[in-house]
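S.K.: Respectively, the protein sequence lines represent chains Y and B.
With the first letter of the first sequence counted as 1, position 254 gets the number 254 in our numbering; the numbers rise by one all the way through.
With the first letter of the second sequence counted as 1, position 54 gets the number 54 in our numbering; the numbers rise by one all the way through.
The structure is given below, and queries will be raised subsequently.
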Amino acid sequence: MDEELFAEFLTESNENLASIEEQLLDLEADPENADILDGIFRVIHTVKGSCGFLGLGKLEKVAHAGENLLSKIRTLKHPVDADLVSLLLEMVDAIKVLLEKLEETGVEPDVDHTALCARLQAAERLIASLAEAAASDIVTDVATDAPASVEQTDPLDWVEGYSKAIVKALSDAGLFTAEKVVEAGFETLKGLPGFKPASALKILGLASSLTADQESSSPNDDVAEGTPSPAAVESTQSPQAVAASATSLPVAANKPVAEAEKTAVTAKRKPASEGSIRVDVDILDGLMNLVGELVLSRNRLMSLVQIEGDVELVRTSRGIGQVTSQLQEQLLHTRMQPISTLWGTVPRLLRDITKQLNKKITVEMEGQETELDRTILAALKDPLTHIIRNSCDHGIEEPQARLKKGKSAEGTIHLTANQESGFIVINIRDDGNGIDPVRIRDKALSMNVISEEQARTMTEKSLLQLIFHAGLSTAEKVSNVSGRGVGMDVVRSEIEKVGGTVEIDSTMGEGTTLNIRIPLTLAIIPAMIVSCHDQRFAIPQSLVQELIAVDEEENHWESVAGEPFYRLRDNLLPILGLSKALELEGASDTVKAIVVVNIAQKEFGLGVDSVLGAEEIVVKQLGRHMQYLDVYGGCSILGDGQVVPILDCNGLGKMIDLGQENDSTHTSQEREDQVFTKESQHILIFGHAGHRYAIPMLLIERLEDLPAERIETAGAKEVLQYRGKVIPVLRWGGKQEEKKSLKKSVKEDAEKSDVLSADRVKCLIISDNGRQICLQVEKIIDVVREELEIKLPSNDPHYLGTALLQGQSTEVVDVFEILKLVDPNWFTSVKSRPEDQAKKILFVEDTVFFRNMIVPVLEGLGYTVWTANDGAEAIKILERETPDLVLTDLEMPHMDGFELARWIMNQPRLKGLPIVALSSLPPEEYNKRAVGIEFSDQLVKFDRATLTEHLSGIFSHAKNEEIIHIEAEPVTQDNKVGGVAS
Amino acid sequence: MSTGNFHAGLLTFIVADQWLGLNVNELSEVITPQKRMALPLSPGCVNGLINLRGRIITELDLRTIIGLPDRKEEDPYRIIVLEPDGNESFGLVVDGVGEVIDLDVENFEATPDSFSEAWKQVSHGVLKQDGRVVVLIDVEKVLQLSLKEVQRDKVEA
Chain Y
1 MDEELFAEFL TESNENLASI EEQLLDLEAD PENADILDGI FRVIHTVKGS
51 CGFLGLGKLE KVAHAGENLL SKIRTLKHPV DADLVSLLLE MVDAIKVLLE
101 KLEETGVEPD VDHTALCARL QAAERLIASL AEAAASDIVT DVATDAPASV
151 EQTDPLDWVE GYSKAIVKAL SDAGLFTAEK VVEAGFETLK GLPGFKPASA
201 LKILGLASSL TADQESSSPN DDVAEGTPSP AAVESTQSPQ AVAASATSLP
251 VAANKPVAEA EKTAVTAKRK PASEGSIRVD VDILDGLMNL VGELVLSRNR
301 LMSLVQIEGD VELVRTSRGI GQVTSQLQEQ LLHTRMQPIS TLWGTVPRLL
351 RDITKQLNKK ITVEMEGQET ELDRTILAAL KDPLTHIIRN SCDHGIEEPQ
401 ARLKKGKSAE GTIHLTANQE SGFIVINIRD DGNGIDPVRI RDKALSMNVI
451 SEEQARTMTE KSLLQLIFHA GLSTAEKVSN VSGRGVGMDV VRSEIEKVGG
501 TVEIDSTMGE GTTLNIRIPL TLAIIPAMIV SCHDQRFAIP QSLVQELIAV
551 DEEENHWESV AGEPFYRLRD NLLPILGLSK ALELEGASDT VKAIVVVNIA
601 QKEFGLGVDS VLGAEEIVVK QLGRHMQYLD VYGGCSILGD GQVVPILDCN
651 GLGKMIDLGQ ENDSTHTSQE REDQVFTKES QHILIFGHAG HRYAIPMLLI
701 ERLEDLPAER IETAGAKEVL QYRGKVIPVL RWGGKQEEKK SLKKSVKEDA
751 EKSDVLSADR VKCLIISDNG RQICLQVEKI IDVVREELEI KLPSNDPHYL
801 GTALLQGQST EVVDVFEILK LVDPNWFTSV KSRPEDQAKK ILFVEDTVFF
851 RNMIVPVLEG LGYTVWTAND GAEAIKILER ETPDLVLTDL EMPHMDGFEL
901 ARWIMNQPRL KGLPIVALSS LPPEEYNKRA VGIEFSDQLV KFDRATLTEH
951 LSGIFSHAKN EEIIHIEAEP VTQDNKVGGV AS
Chain B
1 MSTGNFHAGL LTFIVADQWL GLNVNELSEV ITPQKRMALP LSPGCVNGLI
51 NLRGRIITEL DLRTIIGLPD RKEEDPYRII VLEPDGNESF GLVVDGVGEV
101 IDLDVENFEA TPDSFSEAWK QVSHGVLKQD GRVVVLIDVE KVLQLSLKEV
151 QRDKVEA
């Protein structure tokens, strides 16, 4: 066999078949589109013709059977249905398999396609008999149409669609008919002017197939003999059934033949764009390697030139540098392919799966033009297939179930791709049932993937990520589509292999989203070069969030469960010391610089000695002796010729326990998002003797890490000289007895301070309207931004109650009570009364600070609190709701407290509603402005005890429908701070 | 590798006073010590990575692989760059190289049982020549042995 010819045939056929699946699916959607059908027919026709010529008997048989069927469909204008498309797809698959094997081995494989051929023929006969049934009613002689393609009036009609040059060459050579062309043979054709071997082959293939058609009087050749196929039996079924389906035929059959001819012209295969050539991928890969080397050499040259300093040399090398960069960029482009080449397989996949599962699923795509390195695309194929299968199998419900839930019967899978700073982000979203985190948790627990402790504290999101753990699959039904629990871990490892990350998110009942982030290219990447213990390492820059030079003056370090954390803008960043992680000998643990990396929405810091700079590096694989080390992603050669390892932050990240998603490791984006949720606030969590305690950050002025000796003893009290002031120090007892009396345990601890005191102590400086105290705690766990909701009010006056923070129960400290410990005369504590529970208070306050401070107090007392930013907002609430009391600030923008009070007094519905003013106005001004307003009470901000007492008083009086007027206390600077000098 | 190929020539080299031989078809060059990067956490048999004209080569130490005591820091050494069929190339660190000799198939013998265990696990025969015994090193066996250590490390990790 002519080698050249054979190669041409394979390339040509593969190219043609690549689009045929898509065309078949298009045809299914638009069954009467003659253009698409003609296109498909042409491809199969060419394949058949070519194999006939090359003596590929098996391939020819399949293609021939397919062609005959297609030809019948075409000439009889039979509407294509799903079964027919399935059959044709099967034929295409068979051809593809044959071609694949042929390419591998060079010979036709020994695969039996007799059954398939028989089915194709049966289908063909069925269509013919349907047409006959129809033809008996209609006077349209379809039969004459069928051989029309063979009996040509114009001798060269059969080469319609080929270039004029070819037609001319044929007629010049006197080869008008197909028979003559076949007679002339390949060598003659190749010799004709304007004939390339490929086109000669095509013409020859076409000609030989045409002559073959004429010779074989019956399409039912030897293949089907003897084996009656199921479809053949079907065709002899009850005539009613045949007639029933035949009713659709006349419409199609009536279409004028002229139209078919016209469309045939438009269906001509577009000639391959003249501006492009085919290049072997190996050549491109080789070029890529060479450019990689060039980049390295350039880097080396640049560093040498910098030492030399010759102007001309610098200029020249800069030129080389620029050209190299451009060359690299351009070459990268040659390797890029749009993601649609990957997604193109999805519709077919869905079609097969949905048939199998009896579900209805469509796919929607966005960003198909997004380009990716072809190696990455190839690596993503399997994970994508698996994810889609999972979505179809486990995610999207059966049509009835969907309808019951109020969803459309047809499920949708959305594929989106877009570029995000050096990364391609691919989202695969289905609108199915979602994944139940509880089921994952139970499964993981039963398989000992997580401990019970973890099961209790893990967030839903981190539970969902467990699905990537080997062996975890939650599907109840195991089908042959997916669900043997070997999938998702493979998906993750495949994606990680190309430097990507994958994350899952799911809402029960609404669907599941998989988020894949992958680098644009793997070949050349910008990297940060860091050093640690005299050794250099490269970190892919795309993962680097920021660099921190550790300030030795200030201590930002915290220790949580023995692991180091760095306090970065109110968040605790987990730190992995590189020297420790890589077991570098003799390296000290002091971290001088931190590289903050972000992986799969998680942040952590890599502690290094110094950051040397950025460099473009060519990623090279590590040898197989080191492949198992997941802390490296490869290695590279730096400008000075030295080899550096490239760190794999995914692998390093695993060294830190990132399983628990706490807020400190959230990305800045998420942090920003959270800022906007109104109810959340910054809360400091500190620990003592295994318990967790929380204080709103608003009350804390600073966190200090002080040498223990800074705390001095003055008389019986401990004090701290802090910023020119002497402030009282309170040690957090945290023992069980402290529940009874914190004050007592504070004293006890003070005595035991020798035991407790370390070299340095953690102090919270609590600022209260100009006064400060220092609260010394054992350790600071974290600062989180969460909603502070008291789940369980506390009987202990020192606590507001228990709240759930970071998924763990945490005692919320009542700072005002703590303040009283320092100065017992501060307030008189009054317990809230049970009957006051569930009273509704509208709290109007413009300052976030006070709002966040008072609301927990009120909630801690068992009141339901609505908040408004100003009078205007309060009115909006009052128009809808009727609270039991309005607690309002006086000075507010838009509408102040006085105006609000006047408005309320004028509302008949709100008659008798107690209004309590929270004020810091001087009495003269207050009295002047409060003319005509009867406030039920006027209180000083911050005075929790009085507030509690008065609120209880008001509520008990209000029951008697009696509005009391408590004389407005004159508010002065002195009693604003409690009226007690300390 | 069959013994039939040996006529092509044998590079002799020495490790711990033992003469060894390698088929020249299996190696690409012998290089002098290069600046190497020791990769943290890598298995013991891996000395480090070197830059050989833009290629990164794993440097394996034959002494470590077969369990001989380490070479002294100041002692000279040579690196034989091996290119096994279809596998990545790597550098094999040896104490020194001799010359390329013709292999006389007549003198080829199977590794004697009495031979040191260390050498037996990586050789597929010996050659008696000029009163000395040259142990023929099987590159594939060397690789397998070194990867065995990797397997061990992997389990520990």
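The C-beta atom is built at its ideal place from N, Cα and C for all residues, glycine as well.
Note that the structure is a prediction, hence the values are computed from the model and not measured.
Which one of T948/Y, D93/Y, E704/Y, E899/Y has the shortest CA to CA distance from A930/Y?
M.R.: E899/Y
S.K.: At the 8 Å Cβ level, is E583/Y part of the contact set with chain B, yes or no?
M.R.: yes
S.K.: Out of D30/Y, F41/Y, A7/Y, A29/Y, which has the shortest C-alpha to C-alpha gap to L17/Y?
M.R.: Checking every option, the nearest Cα to that of L17/Y belongs to F41/Y.
S.K.: Any beta carbon from chain B within less than 8 Å of G344/Y's own beta carbon?
M.R.: By this cut-off, G344/Y is not an interface position.
S.K.: Skipping 5 residues on each side, what residues in its chain have a beta carbon closer than 7 Å to that of K831/Y?
M.R.: Low confidence applies to K831/Y: its pLDDT is 39, below 50, so where it sits in the model is not reliable, and the reading given next is rough at best. Take K831/Y, set aside five residues on each side of it, and no residue of its chain has a beta-carbon closer than 7 Å to its own.
S.K.: Please classify K359/Y: is it buried, with 16 or more other beta-carbons within 10 angstroms of its beta-carbon, or exposed?
M.R.: buried
S.K.: Is R569/Y buried or exposed, if buried means 16 or more other CB atoms sit within 10 Å of its CB?
M.R.: exposed
S.K.: Pick from I594/Y, L582/Y, Q465/Y, G499/Y: whose alpha carbon is nearest that of M528/Y?
M.R.: I594/Y
S.K.: Can you tell me whether M288/Y is buried or exposed, with buried defined as 16 or more other CB within 10 angstroms of its CB?
M.R.: buried
S.K.: Between the Cα of L24/Y and those of K58/Y, K72/Y, A82/Y, K839/Y, spot the shortest distance and give me the residue it belongs to.
M.R.: A82/Y
S.K.: Answer with yes or no whether the minimum CB distance from E293/Y to chain B is below 8 Å.
M.R.: yes
S.K.: Looking at the C-beta of P540/Y, does it have a partner C-beta in chain B at a distance below 8 Å?
M.R.: no
S.K.: Just checking my contact of G511/Y with D430/Y at CB under 8 Å: how many whole Å lie between their CB atoms?
M.R.: 5 Å
S.K.: In angstroms, rounded to a whole number, what distance separates the CA positions of A16/B and V133/B?
M.R.: 14 Å
S.K.: By the three-class DSSP mapping on this structure, what secondary structure does F9/Y have?
M.R.: helix
S.K.: For the 8 Å Cβ check, are there 3 or more pairs between the stretch 364-383 of chain Y and the stretch 398-407 of chain Y?
M.R.: no
S.K.: Tell me which residue opens and which closes the alpha helix (DSSP H) that R348/Y is part of.
M.R.: 346-357
S.K.: Given this structure, state the Cα-to-Cα distance separating A63/Y from Q454/Y, to the nearest angstrom.
M.R.: Annotation: A63/Y to Q454/Y spans about 59 Å, alpha carbon to alpha carbon.
S.K.: Along chain B, which residues have their Cβ under 9 Å away from the Cβ of I307/Y?
M.R.: Within chain B, no residue has its beta carbon less than 9 Å from that of I307/Y; the closest one is some 18 Å off.
S.K.: Return helix, strand or coil for W119/B, following the three-state DSSP convention.
M.R.: helix
S.K.: In this structure, how does DSSP classify R78/B when only helix, strand and coil are distinguished?
M.R.: strand
S.K.: By a C-beta neighbour count over all protein chains shown, 10 Å radius and 16 as the cutoff for buried, is M37/B buried or exposed?
M.R.: buried
S.K.: Touching or not, the stretch 13-29 of chain B and the stretch 80-97 of chain B, by the rule of three or more beta carbon pairs under 8 Å?
M.R.: yes
S.K.: What is the rounded straight-line gap between the Cα of V777/Y and the Cα of F955/Y?
M.R.: Cα to Cα, the separation comes out at about 38 Å.
S.K.: Put T888/Y into one of helix, strand or coil per three-state DSSP.
M.R.: strand
S.K.: For N16/Y, which three-state DSSP category applies?
M.R.: helix
S.K.: Distance, Cα to Cα, F537/Y vs I646/Y?
M.R.: 6 Å
S.K.: Using a Cβ-Cβ cut-off of less than 7 Å, list which residues of the stretch 599-626 of chain Y approach chain B; keep chain order.
M.R.: K620, G623, R624, H625, M626
S.K.: Strictly below 7 Å CB to CB, what residues from chain Y border V46/B?
M.R.: H625, M626
S.K.: Which chain Y residues sit within Cβ distance under 7 Å of L49/B?
M.R.: C635, V643
S.K.: Please decide whether V150/B counts as near chain Y, where near means a Cβ-Cβ distance under 8 Å.
M.R.: yes
S.K.: Would P43/B pass as an interface residue toward chain Y - the criterion being a Cβ-Cβ separation below 8 Å?
M.R.: So, interface residue.
S.K.: Based on Cα-Cα distance, which residue from I637/Y, D889/Y, L520/Y, R909/Y lies nearest to E881/Y?
M.R.: R909/Y
S.K.: Leaving out five residues on either side along the sequence, give the residues of the same chain with a beta carbon under 7 Å from the beta carbon of V251/Y.
M.R.: Confidence at V251/Y is low in this model, with a pLDDT of 38, below 50, so its placement is unreliable and no value can be given for it.
S.K.: Going along the chain, which residues of its own chain have a beta-carbon closer than 6 Å to the beta-carbon of P383/Y, five neighbours each way excluded?
M.R.: V491, E494, I495
S.K.: Do M626/Y and L39/B count as a contact pair if the criterion is CB distance below 8 Å?
M.R.: Contact flag set, yes.
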